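S.K.: Numbering-wise, the numbering used here comes out as the position in the sequence shown, counting from 1, plus 199.
Virtual Cβ for every residue (Gly too), placed ideally from N, Cα, C.
Nothing here was measured: the structure is a model prediction, and the numbers come from that model.
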Amino acid sequence: MTKEFFKTLNNTLSSDPNKVNRIIVSTFLSLNKLNPKNSSLINKLIIREGEEDWEEYCRFKKYFHSYQQEFSFEDLIEIFERIVSPADKKVNGAIYTPDLIKSYIIEQVTTNSTIDLAQALVCDVACGCGGFLYSYARFLRESYALSYEYIYRELIYGVDIASYSIERSAITLSLLAIGEGEDSDFQFNLKEGNSLNFDWRAEFERVGQQDGFDLVIGNPPYVCAKNILAETRALLERWPVSSSGNPDLYIPFFQIGLEALNENGILGYITVNSFTRSVNGRKLREYFHKASFALTIVDFGGEQVFKGRTTYTCICIIGKQPRPFVQYCLNSSTRLSMLTANDFVHIPYDTLTDHSGWILSQANIKTVLHRLRSSGSTLEQVAEIRGGFATLKNQIFVFTPRAETPTHFLLETKTKATYWIERGICRNAIKANSLKTDADFDTYLEKIIFPYQYRLNETPLFVNEPTINRRVVPLEETELATRYPDAYHYLCDHREELALRDKGETRNYPAWYAYGRSQGLNVQGHKLLFPHISDRPYFVYTPDTELLFYTGFSIVSWNVRTLKILQKVLSSDLFWFFVRHSSKPYSGDYFGLGKNYIKDFSIPVFNKKEEDYLLMCTDPDEINAFLATKYNVFLPIIVNQLAVVTE
Numbered sequence: 200m201t202k203e204f205f206k207t208l209n210n211t212l213s214s215d216p217n218k219v220n221r222i223i224v225s226t227f228l229s230l231n232k233l234n235p236k237n238s239s240l241i242n243k244l245i246i247r248e249g250e251e252d253w254e255e256y257c258r259f260k261k262y263f264h265s266y267q268q269e270f271s272f273e274d275l276i277e278i279f280e281r282i283v284s285p286a287d288k289k290v291n292g293a294i295y296t297p298d299l300i301k302s303y304i305i306e307q308v309t310t311n312s313t314i315d316l317a318q319a320l321v322c323d324v325a326c327g328c329g330g331f332l333y334s335y336a337r338f339l340r341e342s343y344a345l346s347y348e349y350i351y352r353e354l355i356y357g358v359d360i361a362s363y364s365i366e367r368s369a370i371t372l373s374l375l376a377i378g379e380g381e382d383s384d385f386q387f388n389l390k391e392g393n394s395l396n397f398d399w400r401a402e403f404e405r406v407g408q409q410d411g412f413d414l415v416i417g418n419p420p421y422v423c424a425k426n427i428l429a430e431t432r433a434l435l436e437r438w439p440v441s442s443s444g445n446p447d448l449y450i451p452f453f454q455i456g457l458e459a460l461n462e463n464g465i466l467g468y469i470t471v472n473s474f475t476r477s478v479n480g481r482k483l484r485e486y487f488h489k490a491s492f493a494l495t496i497v498d499f500g501g502e503q504v505f506k507g508r509t510t511y512t513c514i515c516i517i518g519k520q521p522r523p524f525v526q527y528c529l530n531s532s533t534r535l536s537m538l539t540a541n542d543f544v545h546i547p548y549d550t551l552t553d554h555s556g557w558i559l560s561q562a563n564i565k566t567v568l569h570r571l572r573s574s575g576s577t578l579e580q581v582a583e584i585r586g587g588f589a590t591l592k593n594q595i596f597v598f599t600p601r602a603e604t605p606t607h608f609l610l611e612t613k614t615k616a617t618y619w620i621e622r623g624i625c626r627n628a629i630k631a632n633s634l635k636t637d638a639d640f641d642t643y644l645e646k647i648i649f650p651y652q653y654r655l656n657e658t659p660l661f662v663n664e665p666t667i668n669r670r671v672v673p674l675e676e677t678e679l680a681t682r683y684p685d686a687y688h689y690l691c692d693h694r695e696e697l698a699l700r701d702k703g704e705t706r707n708y709p710a711w712y713a714y715g716r717s718q719g720l721n722v723q724g725h726k727l728l729f730p731h732i733s734d735r736p737y738f739v740y741t742p743d744t745e746l747l748f749y750t751g752f753s754i755v756s757w758n759v760r761t762l763k764i765l766q767k768v769l770s771s772d773l774f775w776f777f778v779r780h781s782s783k784p785y786s787g788d789y790f791g792l793g794k795n796y797i798k799d800f801s802i803p804v805f806n807k808k809e810e811d812y813l814l815m816c817t818d819p820d821e822i823n824a825f826l827a828t829k830y831n832v833f834l835p836i837i838v839n840q841l842a843v844v845t846e
């Protein structure tokens, strides 16, 4: 089903979940020629001629039938999951899981389980609209000839925070049974609840009796840290795995699922893959390592598995019985059915670094990565790595002058309104991820309104570091209005829009016209600018010691020679090999270049002759060959790996 199809659905269907359920269920029954008699849950959802929603139902059925002839169960589940309101998706992380992913997870957890599956208790701890429960129920029916009545009453369990999701799960499971000849009122183990504080053993008597589930399967909610509600954030504190960095919502669901299992249980998730390297995954890595869980990861890298969502995912199969190594494979979702044991590498837990991130790669690659990490001082030790500014309203502060005078720049807004802004309040600024070569500066250089002033610290902290000996503070409003009346007038005209930053929570800003964040305002020195994500290494030198930048990072030093040498090293295939195997992947073969991903890359000690050679040499192949000797690595490993991934 296409994006346009769901856009039309969201624009035409009611926002009332019950009305939506009635229209969808009635259409499903009609197109599949099903006529249930005994299921009260389904019968109350059937729209009959003459009822209030009849005309809307007829329009929807006609539209659906014009789009496709069949209405399958996977279509039903996808529609239920994808017509969740955007607001709920944002805070609850609802998302449709493709059938091939569900099938692989179910195959893996059942194959690895030693339990009699005809008796095994299975749970989806964030079941959404029942996609995983549907697939597992079908598996049990086909494999063990069990009745759906027995499967629903005795074996499968689901919890979700949204009541309409629980109802839709019951609807989906009821329709599954009806479609295969079981038409009755079923007893479900489905409950509305928040898994962050849900007591599984107390809420489900049989689960308590056997001290947990045998299998946990599902797709934990993905909500990034900035979108997590305050009450949810408070609940995250209950889970130790969420105590590093700014945790995303999926992270505690590993601990939730594993603690809901009995001692021989197995968990199978499709989830975000960044926990292996991210700061907020640090405690989760420690949790896996300390328990030596039997963790198997099928990593999809930068592949986009979910329709309409930019997420980078992996499948995790985790047994609670200890195992001293992690099994890992980088693979495409389309090749899941072809995976064999030979596709996986075994990586001992004791060789993984929980704090800085796991490098889950083949043995020869690990050797190269070790040498790239340990052949000298780290990049972080050699030079300062700094992030750019964050106004949270760049369209107000950052501009390209349309004209200029000796005293002013002309700013034009998106609505074509024009303002003259005093030169004295403006600074040079540039978007770091626009730069590819040194020649790009003239093309992309912008101005930023900078309502700040520098003040020297009374007692210098470090005599040789001018940046540290000054601080940045906002101009007092009276001074701003007096010294820069035109800029002040412009900012006042946009005060209401500035107040919307941080969802309106700007009362703690030092001034209403201050930037949204204080970072990146005091980056003084020569710089190598580079993007926050990229498909290859771009490190662009600027001698402008006061240049401000955004959407990227800079390596800062007062030593120009050092920066020029770093530029050659960081533009090499060796550095990019390190990034590809140590950083977070994005779609389009892009990788993250944040400080935490690159700071541990080592810089060898070069003598004067070697430095001169690097500064003089312009042939990338010669530079790669020279650096390979300094890092003591076999260059063909690097070249061949980069060639494979770019083909």
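Report back the beta-carbon spacing between Y347 and A369 to the nearest angstrom; my notes put them in contact at under 8 angstroms.
M.R.: That pair is no contact at about 12 angstroms.
S.K.: Mind checking L697: buried by the 16 CB within 10 Å criterion, or exposed?
M.R.: The residue is buried, with at least 16 neighbouring Cβ atoms inside 10 Å.
S.K.: Report yes if the C-beta distance between L483 and F453 is below 8 angstroms; otherwise report no.
M.R.: Yes. Within cutoff.
S.K.: Using only the alpha-carbon positions, how far apart do C528 and Y708 sit?
M.R.: If I take the Cα positions, the gap works out to 46 angstroms.
S.K.: Can you list, in chain order, the residues of its chain whose CB lies under 6 angstroms from that of C322, leaving out five sequence neighbours each side?
M.R.: Closer than 6 angstroms at the Cβ level, and outside the excluded window around C322, lie Y356, F412, V415.
S.K.: For L345, report the span of its beta strand (DSSP E) as first-last.
M.R.: It is not in any beta strand (DSSP E) - L345 carries neither H nor E in the DSSP assignment.
S.K.: Starting from the C-beta of V778, find all residues in its chain whose C-beta is less than 6 angstroms away, skip the five residues before and the five after it, and write them out in chain order.
M.R.: Excluding residues within five positions, the ones whose Cβ falls inside 6 angstroms are F790.
S.K.: I'd like to check one pair, S271 with I245: are the Cβ atoms closer than 8 angstroms?
M.R.: Their beta carbons are not under 8 angstroms apart, which means I245 does not touch S271 by this criterion.
S.K.: Determine the direct distance from the alpha carbon of D639 to that of L655, and round the result to whole angstroms.
M.R.: Their backbone Cα atoms lie some 33 angstroms apart in a straight line.
S.K.: For F640, report the span of its alpha helix (DSSP H) as first-last.
M.R.: Start and end: 640-643.
S.K.: Between T577 and S801, how many whole angstroms is the CB-CB distance? I'm expecting something under 8 angstroms.
M.R.: About 6 angstroms; that satisfies the 8 angstroms criterion.
S.K.: Under the three-state reduction of DSSP, which class applies to P235: helix, strand or coil?
M.R.: Here P235 sits in coil by DSSP.
S.K.: Could you check whether the region 678-687 touches the region 612-632, counting it as contact only if at least three pairs of C-beta atoms, one from each stretch, sit closer than 8 angstroms?
M.R.: Yes, the region 678-687 is in contact with the region 612-632.
S.K.: Alpha carbon to alpha carbon, how far is E341 from Y335? Give it in angstroms, no decimals.
M.R.: Cα to Cα, Y335 sits roughly 10 angstroms from E341.
S.K.: Given 8 angstroms as the limit, is there contact between the region 380-396 and the region 292-301, that is, 3 or more CB pairs closer than that?
M.R.: No: fewer than three Cβ pairs fall under 8 angstroms.
S.K.: Is DSSP giving N463 helix, strand or coil here?
M.R.: The answer is strand: DSSP assigns N463 an E or B state.
S.K.: Look at the Cβ atom of V497, then the Cβ atom of N530, and state whether they are nearer than 8 angstroms.
M.R.: Closer than 8 angstroms, so yes.
S.K.: Do you know whose CA, among A429, N426, E458, lies nearest P439's CA?
M.R.: For P439, the nearest C-alpha among the options comes from E458.
S.K.: So, helix, strand or coil for W775, using DSSP?
M.R.: DSSP places W775 in helix when its eight states are reduced to three.
S.K.: Does the beta-carbon of R476 have 16 or more other beta-carbons within 10 angstroms, so that it is buried, or is it exposed?
M.R.: R476 should be labelled buried.
S.K.: Bridge partners of C328, per DSSP?
M.R.: Answer is none; C328 lacks a bridge partner.
S.K.: Which residue from G787, L609, T828 puts its Cα closest to that of S574?
M.R.: When each option's Cα is compared against that of S574, the closest is T828.
S.K.: For the structure I just gave you, are there three or more beta carbon pairs, one from the region 669-682 and one from the region 709-726, closer than 8 angstroms?
M.R.: In short, these stretches touch, since the Cβ pair count reaches three.
S.K.: Can you find at least 3 beta carbon pairs, one from the region 590-607 and one from the region 713-720, that sit closer than 8 angstroms?
M.R.: Yes, since at least three Cβ pairs between the region 590-607 and the region 713-720 fall closer than 8 angstroms, the two stretches touch.
S.K.: Just reading off the beta strand (DSSP E) that W619 is part of, what are its end residues?
M.R.: Start and end: 617-621.
S.K.: Apart from the five residues on each side of it in sequence, which residues of its chain come closer than 6 angstroms, Cβ to Cβ, to S312?
M.R.: So the list reads I465, once near-sequence residues are dropped.
S.K.: Beta strand (DSSP E) containing D359: first to last residue?
M.R.: Residues 355-359.
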